[in-house]
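K.L.:
Here the sequence shown stands for residues 534 to 1216, where the numbers follow my numbering.
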Amino acid sequence: MTRAPGPTLTRPPHPKRGLSSRERGRSNRRPPRALPTPPPAESQTRGPGAARAGYKFAAPSPRVPRISAAQSITLPPTHTDTRTSIDRLALASNPRGLAVPPPGATMCGILAVLGAADWLKHRGPDWSGLYQCEGNFLAQQRLAIVSPLSGDQPLYNADRTIVVVANGEIYNHKKIRKQFASKHTFSTGSDCEVIIPLYEEYGEDFVDMLDGVFAFVLYDTRTKTYMAARDAIGVNPLYMGRGSDGAVWISSEMKALNEDCVKFEIFLPGHLYSSAAGGLRRWYKPQWFAENVPATPYQPLVLREAFEKAVIKRLMTDVPFGVLLSGGLDSSLVASVTKRHLIETEAAEKFGTELHSFVVGLEGSPDLIAAREVADYLGTIHHEFHFTVQDGIDAIEEVIYHDETYDVTTIRASTPMFLMARKIKALGVKMVLSGEGSDELLGGYLYFHFAPNKEEFHKETCRKVKALHQYDCLRANKATSAWGLEVRVPFLDKDFINVAMSMDPEWKMYNADLGRIEKWIMRKAFDDEEQPYLPKHILYRQKEQFSDGVGYNWIDGLKAFTEQQVSDEMMKNAAKLYPHNTPVNKEAYYYRMIFERLFPQESARETVPWGPSIACSTPAAIEWVEQWKASHDPSGRLIASHNSASANHTNHANANGNCAHQANGTNGVPVVANGTATGKMEA
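#1: Taking V835 as the reference, give the member of R693, K1057, V1083, N825 with the closest Cα.
#2: What three-state label does DSSP hand F590 in the structure shown?
#3: Check whether the stretch 863-870 touches the stretch 1059-1078, taking contact to mean three or more Cβ pairs, one atom from each stretch, closer than 8 Å.
#4: Keeping to the same chain, check which residues put their C-beta closer than 6 Å to that of H706; ignore five residues upstream and five downstream.
#5: According to DSSP, which residues form a beta bridge with F749?
#6: Buried or exposed: which applies to P1023, given that a residue is buried once 16 or more other Cβ atoms fall within 10 Å of its Cβ?
#7: Could you tell me the alpha carbon to alpha carbon distance between A1108 and I944, rounded to whole angstroms?
#8: Could you check the C-alpha separation between W1157 and R1008 for me, to the nearest Å?
#9: What is the residue span of the beta strand (DSSP E) that M964 lies within?
#10: Do V1083 and M1126 have their beta-carbon atoms positioned less than 9 Å apart in this structure?
#11: Have a look at Q832 and S1035 and give me their C-alpha separation to the nearest angstrom.
#12: Ignore the nearest five residues each way along the sequence and tell me which others in G925's own chain have a CB closer than 8 Å to its CB.
#13: Might you give, ordered along the chain, the residues of its own chain that have their beta carbon closer than 6 Å to the beta carbon of I845, omitting 5 neighbours on each side?
#14: Classify F891 as helix, strand or coil using the three-state DSSP reduction.
#15: Nearest-angstrom Cα distance between D1028 and S661?
#16: So T913 packs on H889, CB below 8 Å; how close in whole Å?
#17: Which one of N700, G897, H655 has the shortest CA to CA distance from T921?
#18: What span of residues does the beta strand (DSSP E) with G855 cover, start to end?
#19: Report buried or exposed for R1049, applying the criterion of at least 16 other Cβ atoms within 10 angstroms of its Cβ.
#20: Between E1139 and N1118, what straight-line distance do the alpha-carbon atoms span, to the nearest angstrom?
#21: Give the single residue among A1033, K883, A699, A809 whose Cα lies nearest to the Cα of P830.
#22: Which word fits E877, buried or exposed, when buried means at least 16 other C-beta atoms lie within 10 angstroms of its C-beta?
#23: Can you give me the start and stop residues for the alpha helix (DSSP H) that M849 sits inside?
#24: Which class does H1113 belong to by DSSP, given the choice of helix, strand or coil?
#25: My understanding is that R763 touches L771, with C-beta atoms under 8 Å, so please give their C-beta distance in whole angstroms.
#26: Quick one: Cα of G774 to Cα of V781, how far?
#27: By Cβ distance below 7 Å, which residues in the same chain neighbour V941 in space, the five residues on each side in sequence not counted?
#28: What span of residues does the alpha helix (DSSP H) with E917 cover, start to end?
#29: Could you check whether the Cβ of E1039 sits closer than 9 Å to any Cβ belonging to chain D?
#30: Should T1013 be labelled buried (16 or more other beta-carbon atoms within 10 Å of its own) or exposed?
#31: Hey, could you find the ends of the beta strand (DSSP E) L805 is sitting in?
#32: Suppose only complete runs of 3+ residues qualify. What are the beta strand (DSSP E) ranges in the stretch 991-1058, listed by chain order?
#33: Can you tell me the Cβ-Cβ gap for E733 and I695, rounded? I've got them flagged as a contact below 8 Å.
#34: Note down the Cα distance separating G1144 from C995, rounded to an integer number of angstroms.
#35: Between the C-alpha atoms of R555 and D1046, what's the straight-line distance to the nearest angstrom?
#36: So who's on the other strand from L688, going by DSSP bridges?
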């Protein structure tokens, strides 16, 4: 095995190229740009320069002075063949200036804003496409992963009456192609092209037939209507805004909306927007959404098979790829399953069976050590990227700019990922698999140890999965797409989610008497004595938050730095300056200052979730333990059962795959889970 230690990461340039720090601070308040002359009808521009044309909204035709309907889409990165940034796609306003047009409203103009490419080109640096017809514009930026030579967008049906711009990974596209082989003439190798025949056959009621992650806009020139949709969990970010004229805008990043929209908000996961029906509606309706406690017994082989299928389908690629490997359970299982089944895939025929793995951390951090061991065991070509606390601090403003959040845990975890993504892309890799989503589905965070009963446990997992689009999905997507890198997340496969969330939560719960630690069901499912997936001590390694695993000095360094940047007097006035989601400590205050300078709109700050948290809990779970209510630090280290690099906590896996768990915390209060005192919380 070859290991590339990887150089120390250096400070990357600011995403808004050519702007000084002073100019960056006022860039959101620059004067409106001039309107261009629309290109000729039925025109299409291709090539890297198309998105640099600097188009602004064309003036509406005199025949339809008020109907301009703005929809802006910027398609996110976790997609295969078209990581388009449908830059500011204008799609439909109504005469009364309503945010949502009335039912039956038709479209008389689609206007694409290519100026947004300056803000979003990082998401799709490979190619640009523009469609224009009678004052209607559709534009896209592409990150080419599947069919890089033939998947250019926009996509059309045979007579070009239906136009689609999409950013997605449609894993069942070959099956759908066979279904419509006699009815539809496919003109590209894009997996997203199957959206068109599905729409022609089923109208707008086809979205649940797509197996994958996506964000797309479809325009029907025959009815002058459009629809937009986002994937089930919100792996890809998407926002909806309203212009001063009532026009509706959609974009995958806020930075494409904040100059032109008077108000914008998150486009909800699992929803579609229909101009014909006049609003948003939910298309994703799984049984677990009602939060009723399921009763299906634990079936290890069913769980294992569902996860292996989720990983294998995500090996659909026509470009080099790798895996993110922290050495924890989730990323190690992704890497192990990928390595085991890679030889069976078309990707192996193109790129061979060698698998590249990547990790980032401070020198000597827990993740570096554990990842190195897993890489040696699996035989991957392993790359270690080291960063310093100062490297991370220097990147904070860029991370907030790209992530578009001031959430403390998200920024802590995004910064190392942001630095690593740049190095991965520099190596020629355009797609990686990662382990996000497992802790939410399976109750893997350490605070789940203290769930009072299985009903509360299950409700908390439901809350966590529903909120993923504002936390881990946002982080994984935006921190990597900043450099044109795509992340795929097998744990958030729809079929795997159904298996995991339909299981009796009693099996997921921490239980010292039965030797079950967090995510025991996943560990047990892959504890194969004959053909081991991982070494026992890795398979039963305790949960680390990513921001902790990259090195404890990272968080300590952030706290020390922000302590110097924010005075006590500033904290006293925090509620006056920031009445909405008031920062509760200096680290949060520092991030908020940067966010407000980059995104000063009220709508922007309202897109960020807020509330007390311990070890990534929701505010509702804070009620489980009285002392948690007084904590202002969300780190998992505050849970006394946390054992990382601590002599006070021991884990060992026995031959049956059970794990003895002993916590020796002091100055804490015992917390009962499953009727047994299982741990203590540090005071």
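Quick reminder that beta carbons are idealized off the backbone N, C-alpha and C, glycines included.
None of these values were measured; they are calculated from a predicted model.
P.N.:
This is what the structure holds:
#1: Taking the sequence shown and counting its residues from 1, one reaches residue 835 at position 302. Closest by alpha carbon: K1057.
#2: The residue you call residue 590 lines up with position 57 of the sequence shown. Confidence at F590 is low in this model, with a pLDDT of 26, below 50, so the placement of that residue should be treated as unreliable; the coordinate-derived value is given next. In the structure shown, F590 sits in coil (DSSP, three-state: anything other than H, G, I, E or B).
#3: yes
#4: Within the sequence shown, numbered from 1, the residue matching residue 706 stands at position 173. If we look at H706 and ignore the five residues flanking it on each side, its Cβ neighbours are D724, V727.
#5: Residue mapping note: residue 749 aligns to position 216 of the sequence shown, counting from 1. Bridge partners of F749: A699, A762.
#6: Locating residue 1023 in the sequence shown gives position 490, where the first residue counts as 1. When all chains shown are included, P1023 counts as buried.
#7: Numbered from its first residue, the sequence shown carries residue 1108 at position 575. Numbered from its first residue, the sequence shown carries residue 944 at position 411. So the alpha carbons of these two residues sit roughly 22 Å apart.
#8: Start at 1 with the first residue of the sequence shown, and residue 1157 comes out as number 624. Start at 1 with the first residue of the sequence shown, and residue 1008 comes out as number 475. For W1157 and R1008, the distance between alpha carbons rounds to 27 Å.
#9: The residue labelled residue 964 in the question sits at position 431 within the sequence shown. Taken as a continuous stretch (DSSP letters only), the beta strand (DSSP E) holding M964 covers 964-966.
#10: As a first step, residue 1126 must be located in the sequence shown, where it is residue number 593. As a first step, residue 1083 must be located in the sequence shown, where it is residue number 550. No, these two residues do not count as a Cβ contact at 9 Å.
#11: As a first step, residue 832 must be located in the sequence shown, where it is residue number 299. As a first step, residue 1035 must be located in the sequence shown, where it is residue number 502. Using only the alpha carbons, I get a separation of about 11 Å.
#12: Start at 1 with the first residue of the sequence shown, and residue 925 comes out as number 392. Here the set comprises T948, P949, L952, W1087, G1090, L1091.
#13: In the sequence shown, counting from the first residue as 1, residue 845 sits at position 312. Contacts found: H874.
#14: Locating residue 891 in the sequence shown gives position 358, counting from the first residue. Strand at F891.
#15: Mapped onto the sequence shown, residue 1028 falls at position 495. Mapped onto the sequence shown, residue 661 falls at position 128. Cα-Cα distance, rounded: 33 Å.
#16: Sequence index remark: in the sequence shown, residue 913 carries index 380 (1-based). Sequence index remark: in the sequence shown, residue 889 carries index 356 (1-based). Rounded, the Cβ-Cβ distance is 7 Å, consistent with contact.
#17: For the purposes of this step, residue 921 is taken as the residue at position 388 of the sequence shown. Measuring from the Cα of T921, the nearest candidate turns out to be G897.
#18: The sequence position of residue 855 within the sequence shown is 322, counting from 1. Where G855 is concerned, the enclosing beta strand (DSSP E) stretches over 854-857.
#19: Locating residue 1049 in the sequence shown gives position 516, counting from the first residue. R1049 should be labelled buried.
#20: Here residue 1139 is taken as the residue at index 606 of the sequence shown, counted from 1. Here residue 1118 is taken as the residue at index 585 of the sequence shown, counted from 1. If you take the alpha carbons of E1139 and N1118, they lie about 19 Å apart.
#21: Residue numbering aside, residue 830 sits at position 297 when the sequence shown is read from its first letter. Here the closest residue by C-alpha is A1033.
#22: Sequence index remark: in the sequence shown, residue 877 carries index 344 (1-based). Classification of E877: exposed, given that the 10 Å Cβ count is below 16.
#23: Counting from 1 along the sequence shown, the entry for residue 849 is found at position 316. Where M849 is concerned, there is no enclosing alpha helix (DSSP H), given that its DSSP letter is neither H nor E.
#24: On the sequence shown, position 580 is the one that residue 1113 refers to. Coil, per DSSP.
#25: As a working mapping, residue 763 is identified with position 230 in the sequence shown. As a working mapping, residue 771 is identified with position 238 in the sequence shown. Yes, R763 and L771 are in contact; Cβ-Cβ is about 5 Å, under 8 Å.
#26: Taking the sequence shown and counting its residues from 1, the one referred to as residue 774 is at position 241. Taking the sequence shown and counting its residues from 1, the one referred to as residue 781 is at position 248. Going by the C-alpha atoms only, they are around 6 Å apart.
#27: Taking the first residue of the sequence shown as position 1, residue 941 is located at position 408. Here the set comprises E1120, A1121, Y1124, P1167.
#28: Here residue 917 refers to the residue found at position 384 when the sequence shown is read from its first residue. Note, E917: premise wrong, no alpha helix (DSSP H); beta strand (DSSP E) at 914-919.
#29: Going by chain labels, chain D is absent from the structure shown, which holds only one protein chain.
#30: By one-based count along the sequence shown, residue 1013 stands at place 480. T1013 comes out buried.
#31: As a first step, residue 805 is located in the sequence shown; it is residue number 272 there, counting from the start. From DSSP, the beta strand (DSSP E) with L805 extends over 804-807.
#32: 1019-1021
#33: On the sequence shown, residue 733 is found 200 positions in, with the first residue counted as 1. On the sequence shown, residue 695 is found 162 positions in, with the first residue counted as 1. At roughly 7 Å, the Cβ-Cβ gap stays under 8 Å, so E733 and I695 are in contact.
#34: Locating residue 1144 in the sequence shown gives position 611, where the first residue counts as 1. Locating residue 995 in the sequence shown gives position 462, where the first residue counts as 1. Cα to Cα, the separation comes out at about 17 Å.
#35: Residue numbering aside, residue 555 sits at position 22 when the sequence shown is read from its first letter. Residue numbering aside, residue 1046 sits at position 513 when the sequence shown is read from its first letter. Unreliable positioning characterises R555 in this predicted model, as indicated by a pLDDT of 36, which lies under 50. A coordinate reading is not provided.
#36: Against the sequence shown, residue 688 aligns to sequence position 155. BP columns for L688 point to V697.
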